[in-house]
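Data block below; observations after.
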Amino acid sequence: MSDPAKVRRHAERVRELVASVVRSQIKDPRLGMITITDARITADLRDATVFYTVLGDAVAQADTAAALESAKGMLRSTVGKALGLRHSPTLTFVLDDVQDQVKHIDDLLAAARNADAEVQRLAAQAKYAGEAQPYRVDDEDDDEADEADEADEVADNPRGGEAR
Numbered sequence: 006m007s008d009p010a011k012v013r014r015h016a017e018r019v020r021e022l023v024a025s026v027v028r029s030q031i032k033d034p035r036l037g038m039i040t041i042t043d044a045r046i047t048a049d050l051r052d053a054t055v056f057y058t059v060l061g062d063a064v065a066q067a068d069t070a071a072a073l074e075s076a077k078g079m080l081r082s083t084v085g086k087a088l089g090l091r092h093s094p095t096l097t098f099v100l101d102d103v104q105d106q107v108k109h110i111d112d113l114l115a116a117a118r119n120a121d122a123e124v125q126r127l128a129a130q131a132k133y134a135g136e137a138q139p140y141r142v143d144d145e146d147d148d149e150a151d152e153a154d155e156a157d158e159v160a161d162n163p164r165g166g167e168a169r
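Shown next as structure tokens:
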């Protein structure tokens with residue numbers, strides 16, 4: 006197997022090469038506003054996955070995917086020559102939908118914030134279901150009982166020492 010640092014360097018180089026070729030050499034009218042976001046290559050340097058984003062709707066994304074598929078051979082030969090490897094890696098293009106996922110996560114966070122605000126609003130108006138102090142506290146009765154117990158102890162032991 007290859008060194009992980011070498012694999013990372015080759016992946017970065019694949020990303021740069023594909024972006025350069027897409028920008029300068031591919032003249033397909035179906036190719037939209039494309040950005041090559043990432044490339045990953047297997048440890049044996051035989052398969053490379055190139056991630057891209059396209060500015061536009063689903064039609065623009067489908068057209069760009071078709072243009073990349075038709076230019077795959079030229080891209081593979083360019084990458085193979087530039088990397089100087091024994092075998093040119095096969096290229097797989099994957100639409101990178103990070104922006105859609107970010108929007109979905111932002112929507113979920115906004116919904117959670119709204120739910121939290123609603124809970125806080127309801128909690129501010131909440132009242133106790135029963136009494137404010139649900140536990141019975143008889144401080145006055147306990148104090149009188151304690152004083153009576155102390156008086157009994159003093160009467161039983163006139164010297165004031167502890168009872169044995």
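Mapping of the sequence shown onto our numbering: residues 6 to 169, in sequence order.
Glycine residues also receive a C-beta, built at the ideal position from the N, C-alpha and C atoms.
I'd like the span of the alpha helix (DSSP H) that includes residue i, first residue to last.
i           : result
residue 68  : 63-75
residue 117 : 103-129
Helix, strand or coil, according to DSSP, for residue i in the structure here?
i          : result
residue 96 : strand
residue 44 : strand
residue 88 : helix
Residue i: buried (16+ other C-beta within 10 angstroms of its C-beta) or exposed?
i           : result
residue 34  : exposed
residue 91  : exposed
residue 131 : exposed
residue 94  : buried
residue 60  : exposed
residue 120 : exposed
residue 99  : exposed
residue 176 : No answer is possible for residue 176: it lies beyond the span of the chain, which begins at 6 and ends at 169.
residue 23  : buried
Along the chain, where does the beta strand (DSSP E) that runs through residue i open and close?
i          : result
residue 12 : No beta strand (DSSP E) holds residue 12; the alpha helix (DSSP H) holding it covers 9-29.
residue 52 : 52-60
Counting pairs of Cβ atoms below 8 angstroms between the segment 49-56 and the segment 27-40, do you hit three or more? no
Is the number of C-beta pairs between the segment 61-74 and the segment 35-46 that are closer than 8 angstroms three or more? yes
Three Cβ pairs or more, each shorter than 8 angstroms: is that satisfied between the segment 103-117 and the segment 74-87? no
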